[in-house]
Each structure stands twice: as C-alpha cells, then as structure tokens.
Amino acid sequence: PGNGSASSHGKTILIGEHAVVYGAPALVLPVLDARVVATVSPVGAGADEAAGTTVGHTLESTVHTGPLDLAPAAVMPTVTAVTATLRHFGVTDRHFHVRVDSEVPTARGMGSSAAVAAAVTAAVADALGETLDAETHHDLIQECERVAHGRPSGLDARGVVAAVPVWFEGGRIEPVALGARFTFVVADTGIPGHTRQAVAAVRERHDQDPAAVDGVIDRIGELARQARGTLEAGDAQGLGVTMDAAHDLLSALDVSSADLDRLVDAARAADALGAKLTGGGRGGCVLALAADDDHADRIAAALRGAGAAATWTTTIGARA
Ligand code: PMV
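The numbers in full-length UniProt numbering rise by one with no breaks, and the one at position 133 of the sequence shown is 144.
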C-alpha cells in the first residue's frame, strides 16, 4: 500500500455567468496558480485490523483536522471523495490519512469544493496504484459536488481539472484551442459571493420583465461566442472588450456590488485590457486581462491597493 498525491486548481467564469442558467453558453477559465494538493497515506494497514481495532480515515486541512467519520458538514464532500473512489475500485478494507493543502478560498466562486474533490479522488486512486479516466474522474467529482451544493451544473468540476478554457453549452463541453498566450489576474474582494441570492434576484427580475432580461441574457451569450473567437484568434484586445461589456451587462442584472465595481475600476485604471466580476457576484472575485506578465504584476498591485484580499495570476496557452 503506497502513498498517493494529486493536484487540481481553482476556476473562474470568463464569460457567461447567470446567462448560463437560462441556457446561454459559458466559458470557464482554469486558475492554474490557485492550487489544491491532496496527499494520502495508508493508516492502520493490516496490523490494527488483525488486532480488532477500528481504523477510519483521518483528515488534515484548514477546515478540519481529525477523524473523517466525526467531520463537520463542511468536509462531507471530502468524505464522499474518499469513500466514492474506494467504492469505484471495489476496495473496502483500506483507510487513509488525507491531507489537503488549498490555495483556493471557499465561497468565492473559484470552485474550491470541486477542486478539493478533484485532488482527493485522484490522490486516493494514486495510492491504490490506479488512475481515473477523465469521465470517471468527472463523475466522482460531481458526486462530491452534489453533497456540497445539491445540483451542480458541472461547470466547476470541468474547470478545476482543465488546462485551457472550456466551452460549456447545453450540457456539452469543448476545450478551446488558444491562438496565443493569455494572462489573467483574479482578485478576491474578501467578501463571500452570494450566488444563490444573486441567481434568485435575476429570476425575480426575469419574472417581472422577461423581455428585458432575455435581451441581456442573449447579449451575454453573444459575448461568450465572441470571446471564444478572440481566444482562438489570439486577440487579447478583443477579449478585453468582451469582458468589459459582460461586466456592464451583469451590472444591468444588478449582480455586481460596490466592492466588485471598485476592483473592476482599479484594474481598468491600471490599463487592464478588460475587467469584470466573475461568478455569482455580490461578493466573490473579479477577473482582469493583462497584456503580459509585467502588466499582470502591475494590475495585481493596483487591485491589492484597492482592497483586494488576495490575487492570483493565471497564464494559459503557449509560452512566448
Ligand atoms: O459563483 P460561481 O462561480 O459558483 O458561479 C455561479 C454561476 C451562475 O451562473 C451565477 C450560477 C450557475 O449555477 O451557473
């Protein structure tokens, strides 16, 4: 019985949040620099069981350290990650100490629960000397996400294992081929996002004035299509324009906030090619597009100066 380890990362939504709830396409962006690493090591191997001792899984993380069977609700998805992976491989007699090191903050729309699930399931498989094919891995992550969120779209589960942006439309997913290298900065307002309330508020607006809200949703869908084209063409300027426009449309849906707007303004003042809120809104994070790595450093500094609790820079696509 060996040790196992695996990593994953956070995600944000490049374009399409809220509109995706109404069937519009969305682009999900991996945040490669916000990492989750899971390491698992066998405990109680053989000897304890022979002695009749009950051995269980244990967890070491910032959320909970101790036996997994006594874990608080917040780590139930991690319990599922371990047990579902063991069940998948038909293993019933193994127990693990699971350590999770995460740079992905919770409740910021960065997919922290899916990222932890992705890393823990793959680490347990690794410890068993097995690997998970992409669809099996996705199914296991989704099983954990159902414990965490009820009815997950699957967008987080895809984003946290992707190396490139993922196009999401009508339940289908496609990796997006990149025409250039793109550098993004993610900044955390430090305030938890309120996705559920924001989604409900958009629904209420839609009930009151369906034509107006459908119009905004269609335009966001259009921006997603445009953004995909700019990624494929390597057109950073064009992508920035779609991001700015998406922020305006999300503001029109009233899912932004003073904190999000302040960070978006700070990124634009630092000459970001584009900036927008990302995810459910009313808290959570903003996403800005930089011209290159030095520019990303300047944008990140401006965002921290404007009160961001943390920033991450994520570069995707071919190295220059
Ligand atoms: O805040 P996040 O990244 O979990 O994204 C929410 C995205 C919404 O479109 C607002 C809701 C959803 O379920 O798709």
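For every residue, glycine included, the Cβ atom is placed at its ideal position computed from N, Cα and C.
When rounded, the separation of the alpha-carbon atoms in A212 and S123 is 24 Å.
Across the set A301, L274, G292, I327, the C-alpha of L274 shows the shortest separation from the C-alpha of A321. Under the three-pair Cβ rule at 8 Å, the stretch 183-194 counts as touching the stretch 234-252. The beta carbon of S52 sits no closer than 7 Å to any heavy atom of the ligand PMV. Checking the 7 Å criterion, the Cβ of H29 is within range of a heavy atom belonging to the ligand PMV.
Look at D265 here: in three-state DSSP terms it is coil, with no helix or strand label. Within the DSSP secondary-structure output, E71 pairs in a beta bridge with T76, R110.
Distance between V93 and T103, taken at the CA atoms: about 11 Å. In the three-state reduction of the DSSP assignment, T91 falls in the helix class.
A residue is called buried once 16 or more other Cβ atoms fall within 10 Å of its Cβ, and A49 is buried on that count.
V171 and P221 have their C-alpha atoms roughly 33 Å apart. Within 7 Å of the C-beta of I24 there is at least one heavy atom belonging to the ligand PMV.
In the three-state DSSP reduction, S123 falls in the helix class (H, G or I).
The Cβ atoms of P41 and I310 lie no closer than 8 Å to each other.
Cβ contact annotation for G290 (same chain, cutoff 8 Å, sequence separation greater than five): T23, I24, E28, R119, G120, M121, G204, T206, C296, in chain order. Remark: C-beta atoms of L261 and L288 approach each other more closely than 8 Å. Inclusion of P53 and G67 in the CB contact set at 8 Å is not warranted, their separation being larger than that value. Every alpha helix (DSSP H) of 4 residues or more that sits fully in the UniProt domain "GHMP kinase C-terminal" (242-318) is shown, in chain order, as 247-263, 269-280, 304-316. For G290, the distance from the CB to the nearest heavy atom of the ligand PMV is below 7 Å. In this structure, DSSP gives R192 a state outside helix and strand, which the three-state scheme calls coil. For G295, the CB falls within less than 7 Å of some heavy atom of the ligand PMV.
If you look at A211, you'll find it in the alpha helix (DSSP H) that goes 206-219. Contact check between the stretch 68-76 and the stretch 153-164: fewer than three CB pairs, one atom from each, fall below 8 Å, which does not count as touching. For D167, the number of other beta carbons within 10 angstroms of its own is at least 16, and it is reported as buried. Taken through DSSP and simplified to helix, strand or coil, E146 comes out as helix. Rounded to the nearest whole angstrom, the CA to CA distance from F195 to S113 is 20 Å. The beta carbon of A307 sits closer than 7 Å to those of T194, V196, A301, T324, all from its chain and outside the five residues before and after it, given in chain order. In terms of Cα proximity to G15, the closest of F107, Y33, A35, D44 is F107. In this structure, the straight-line span from the alpha carbon of A95 to that of D80 is close to 14 Å.
Secondary structure at A84: helix, using DSSP grouped into helix, strand and coil.
Put simply, the backbone Cα of L284 is about 25 Å away from that of I202.
Closer than 7 Å to some heavy atom of the ligand PMV: that does not describe the Cβ of L97. Membership of R46 in the beta strand (DSSP E) is indicated by the continuous run 37-54.
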